[in-house]
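Quick mapping for you: the protein sequence lines, in order, are chains A and B.
Position one of the first sequence corresponds to residue 1 (the numbering used here), numbered consecutively onward.
Position one of the second sequence corresponds to residue 1001 (the numbering used here), numbered consecutively onward.
Here a beta-carbon is modelled for each residue, glycine too, at the ideal position from N, C-alpha and C.
Bear in mind the structure is a predicted one, so any value in this text is a computation, not a measurement.
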Amino acid sequence: MNMRRTVLLLSVFLLGCLLRGQEEITIRIKEGMPMVPVAMPAFQLDPAAQKDDAAATLYETLWKDLEFSRIFKMVPREHYSYIPAFNPGAIRFKDWASIQANILISGQLELSADDRVIFSFKVYEVGSERFIFGRNFGGKKDLVRLIAHRAADEMLKHFGEKPLFTSKIVYVSEAGNDRDIYIMDYDGHRPTRITFSSAMDMLPSWSADNEKILYTSYRNLSPELFMFNIYSGKTELLSSGGSNYAADWSPTADRIVFTSSKHGNAEIYLKDMKTGQEKRLTFNPAIDTSPCWSPNGREIAFTSQRGGTPQIYIMDAEGSNVRRITMEGSYHDSPAWSPDGMRLAFVSRIENRFDIYVYNLKSNEISKLTENAGRNENPSWSPDGRHLVFSSNRSGRYQLYLVDYDGRNVRQITAGGENKMPKWQRAPK
Amino acid sequence: MKKLMLAVVVLSLILMFAACAKKAPQVAPVAPVVEKVDEPVAQVEKPVLSEEELFQQRSLEELNKDQVLKKINFDFDMYTIREDMKPVMQANANWLLKFPSVEVLVEGHCDERGTIEYNIALGEKRAEAAKNYLVSLGLNTAKVKIISYGKSKPLVQGVDEATYFQNRRAEFVITKK
């Protein structure tokens, strides 16, 4: 495989798409399913809610979620003015069909005296003029974003998808010299700090049940591996001796892989989280690091410098059957396996640019996700495999960005200080 | 002999008495002049402290601040000791061999290019290479510890090769003396 030529061809192809793609309305996603056009007229508000920002926040959050999904396509709001105003009591489906809406969402928001909101929404199919499903959510007013994400997840579930919008991203945020671990919503809102040490905390990742965060901290001087339980608030030290980092929890079993230099050199270790037993998986004097499980828990992608430069390899979970994946270029790292097991995202340095690439394990094709915009690092897949989060210093300092699997829809989700090393939560079991 | 001694003593006493008798009338009964006596300023030069004494005098912080041990730099993506850094390592080793009680922490650092995970490993390789070099020059391996900070503690900020070169380094921190 001539990777450089493939990359070049793909770059040209992507550029062509970008140049022509501005006017395209229907984008077929990889399954070949067109996006579903959704109309969502303004919500009906009770008098108290009309004076409150909560209603606007809820509407905008739900709109942005659906727009982000790559499942739904929002019919532009300007088009609603071509037809008579929406009346939830007497819906004129023909009007909505005339502006190309297939699905219509009707929402209603009440605000109670004790600052609670009740959000009810009904979903209709425009063509068949029938009610499909509806849900009611109640909660404190400051949770309207969560209510919107829950409503958007209901939409996904109804269309045969897994929930996405209530998923979280763990990352490292740095203000001044302090570097701690935070968890936030997938869209960058509602950050919560989870570590409070004055030493550097870094490289966080999720446990398979999404209840624990593995991370590396310099709090005991040398980089050691810790496990934080989000619900009990307890922190446990997992490693002993040497540098320990880059932990990844198996999606299918209670075991983790991580890099450790406890025997003098950076090697990959497997640790059973029930028995505490460890097994060394790599044995050579070069650097072996950045292990990452395949979604079926049978293989591990990792970075090794055994061939002279850092390249991506895959081995069986027991350490055998090692094969090299990247052949050209002098620097590849941070492999991230897509949830469907078909693709590996990683960072490559080509002519001193650090960009994120996606390698298709079935077709052997490589595509480039980021282009000519600072240094791009630490890709991590969304639970549905349609998006990635990564860090980039394209705006000066490192911030977190989202991008779709095909390089579209790049958007910045953090600002202020420096934010990096994101890991998207896994799909809930 | 005894008689002679006695004579000398007697003669001395007579002479002393005569001297006193002669001086006594000259002493004027004036208030005694108190002379101010200053402690004579020592004209000795500050002693040149030996290296040993300097070492004893300075705290760990001062020793590290004065950089008695010099840092070394590395090539891009490499962790071998550069030829031009070997004399620096030799000087560091010479100093450390003089003070066998010293314990040193070798910190490995990388420039900002490259990924976080890989740079922790690379920084550790650099620290290890520096440690091994010191040991090869006769240092006790138990006195040298290593740590890698990867690219998280750059020495200088910038985006040119000169900056990157300064940041690709091993630093030697004295932790005990």
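Select from the options the residue whose C-alpha is nearest the C-alpha of residue i.
i: residue 196 of chain A; options: A:190, A:263, A:182 and A:188; result: A:182
i: residue 313 of chain A; options: A:336, A:295 and A:296; result: A:336
i: residue 284 of chain A; options: A:397, A:301 and A:305; result: A:305
i: residue 1076 of chain B; options: A:352, A:88, A:179 and A:57; result: A:352
i: residue 98 of chain A; options: A:74, A:116, A:127 and A:122; result: A:127
i: residue 275 of chain A; options: A:253, A:90 and A:58; result: A:253
i: residue 180 of chain A; options: A:199, A:133 and A:167; result: A:199
i: residue 1134 of chain B; options: B:1033, B:1100 and B:1118; result: B:1100
i: residue 281 of chain A; options: A:124, A:160 and A:267; result: A:267
i: residue 395 of chain A; options: A:379, A:356, A:208 and A:373; result: A:373
i: residue 203 of chain A; options: A:316, A:391 and A:409; result: A:391
i: residue 294 of chain A; options: A:165, A:272, A:311 and A:318; result: A:318
i: residue 44 of chain A; options: A:327, A:38 and A:56; result: A:56
i: residue 87 of chain A; options: A:298, A:326, A:41 and A:426; result: A:41
i: residue 309 of chain A; options: B:1078, B:1092, B:1065 and B:1164; result: B:1078
i: residue 217 of chain A; options: A:192, A:247 and A:208; result: A:247
i: residue 83 of chain A; options: A:59, A:100 and A:124; result: A:100
i: residue 1143 of chain B; options: B:1111, B:1093, B:1058 and B:1053; result: B:1093
i: residue 150 of chain A; options: A:250, A:365, A:166 and A:70; result: A:166
i: residue 421 of chain A; options: A:70, A:206, A:228 and A:68; result: A:206
i: residue 61 of chain A; options: A:113, A:147, A:37 and A:255; result: A:147
i: residue 194 of chain A; options: A:96, A:325 and A:235; result: A:235
i: residue 1170 of chain B; options: B:1111, B:1050 and B:1051; result: B:1111
i: residue 208 of chain A; options: A:34, A:296, A:323 and A:37; result: A:296
i: residue 226 of chain A; options: A:273, A:37, A:265 and A:184; result: A:273
i: residue 377 of chain A; options: A:385, A:360, A:361 and A:397; result: A:397
i: residue 67 of chain A; options: A:289, A:387 and A:279; result: A:387
i: residue 220 of chain A; options: A:237, A:229, A:231 and A:419; result: A:237
i: residue 222 of chain A; options: A:243, A:322, A:232 and A:230; result: A:243
i: residue 330 of chain A; options: A:96, A:354 and A:323; result: A:354
i: residue 289 of chain A; options: B:1166, B:1163 and B:1119; result: B:1119
Return the Cβ separation of residue i and residue j in integer angstroms, given the expectation that the two are a contact with Cβ distance under 8 Å.
i: residue 287 of chain A; j: residue 1125 of chain B; result: 6 Å
i: residue 417 of chain A; j: residue 173 of chain A; result: 6 Å
i: residue 1089 of chain B; j: residue 1073 of chain B; result: With 8 Å as the limit, residue 1089 of chain B and residue 1073 of chain B do not qualify as a contact, their Cβ atoms being about 12 Å apart.
i: residue 1137 of chain B; j: residue 1095 of chain B; result: Not confirmed; about 11 Å, so no contact.
i: residue 333 of chain A; j: residue 370 of chain A; result: Not confirmed; about 15 Å, so no contact.
i: residue 405 of chain A; j: residue 358 of chain A; result: 7 Å
i: residue 49 of chain A; j: residue 110 of chain A; result: 6 Å
i: residue 1147 of chain B; j: residue 1105 of chain B; result: 6 Å
i: residue 169 of chain A; j: residue 389 of chain A; result: 6 Å
i: residue 72 of chain A; j: residue 36 of chain A; result: 5 Å
i: residue 1166 of chain B; j: residue 1156 of chain B; result: 5 Å
CB of residue i to nearest heavy atom of the ligand ZN: below 6 Å?
i: residue 90 of chain A; result: By its list of ligands, the structure shown contains no ligand whatsoever, and the ligand ZN lies outside what it can speak to.
Along the segment 360 to 384 of chain A, what residues have a CB closer than 8 Å to any CB found in chain B? 375, 377 and 378
Going along the chain, which residues of the segment 1114 to 1134 of chain B sit with their C-beta nearer than 8 Å to a C-beta in chain A? 1114, 1115, 1116, 1117, 1118, 1120, 1121, 1122, 1124, 1125 and 1128
So does the segment 330 to 350 of chain A actually touch the segment 1149 to 1159 of chain B, counting three or more Cβ pairs closer than 8 Å? no
Are at least three pairs of beta-carbons, each pair with one atom in the segment 150 to 160 of chain A and one in the segment 182 to 194 of chain A, less than 8 Å apart? no
Compile a chain-ordered list of the residues in the segment 201 to 216 of chain A whose CB is closer than 9 Å to at least one CB of chain B. 202, 203 and 216
Residue ranges of each alpha helix (DSSP H) within the segment 242 to 306 of chain A, 4 or longer: none
Check each residue of the segment 253 to 272 of chain A: if its Cβ is closer than 9 Å to any Cβ of chain B, include it; give the result in chain order. 259, 261, 264, 265 and 266
To be precise: take each residue of the segment 1079 to 1102 of chain B, compare its Cβ to all Cβ atoms of chain A, and keep it if any distance is under 8 Å. Which residues remain? none
Could you tell me whether the segment 117 to 124 of chain A touches the segment 133 to 144 of chain A, using the rule of 3 or more Cβ pairs below 8 Å? yes
Beta carbons nearer than 7 Å to chain A: which residues of the segment 1129 to 1163 of chain B have them? 1147, 1148 and 1152
Quick test of the definition: if touching needs 3 or more C-beta pairs under 8 Å, does the segment 1110 to 1129 of chain B touch the segment 1052 to 1071 of chain B? no
Three or more C-beta pairs under 8 Å: does that hold for the segment 102 to 112 of chain A against the segment 76 to 85 of chain A? no
Give the residues from the segment 396 to 423 of chain A that approach chain B closer than 9 Å (Cβ to any Cβ), ordered along the chain. 420 and 421
According to a CB-to-CB cut-off of less than 7 Å, which residues of the segment 222 to 243 of chain A neighbour chain B? 222, 223 and 243
What ranges does the beta strand (DSSP E) occupy inside the segment 1070 to 1152 of chain B, keeping only unbroken runs of at least 3 residues that lie completely in it? 1103 to 1109 and 1144 to 1150
Three CB pairs or more closer than 8 Å across the segment 1106 to 1119 of chain B and the segment 210 to 225 of chain A: no
I want to know whether the segment 342 to 350 of chain A touches the segment 373 to 382 of chain A - three or more CB-CB distances under 8 Å. yes
Start-end ranges of the alpha helix (DSSP H) lying completely within the segment 1149 to 1175 of chain B, minimum 4 residues: 1161 to 1167
To be precise: take each residue of the segment 96 to 117 of chain A, compare its Cβ to all Cβ atoms of chain B, and keep it if any distance is under 9 Å. Which residues remain? none
Fully enclosed by the segment 310 to 392 of chain A, which beta strand (DSSP E) runs are 3 residues long or longer? 311 to 316, 332 to 337, 343 to 350, 353 to 360, 366 to 368, 376 to 381 and 387 to 392
Select from the segment 277 to 293 of chain A all residues with a C-beta closer than 7 Å to any C-beta belonging to chain B, and list them in chain order. 287, 289 and 290
Near-chain B residues of the segment 303 to 314 of chain A (beta-carbon distance less than 9 Å), N- to C-terminal order: 303, 305, 309 and 310
When Cβ atoms are compared, which residues of the segment 340 to 362 of chain A fall closer than 9 Å to chain B? 347, 349, 352 and 354
Enumerate, from N- to C-terminal direction, the unbroken beta strand (DSSP E) stretches of 3 or more residues contained entirely within the segment 178 to 221 of chain A. 178 to 185, 201 to 206 and 212 to 217
Ordered list of alpha helix (DSSP H) runs contained in the segment 39 to 82 of chain A, each at least 4 residues: 47 to 50 and 53 to 68
Along the segment 49 to 61 of chain A, what residues have a CB closer than 7 Å to any CB found in chain B? none
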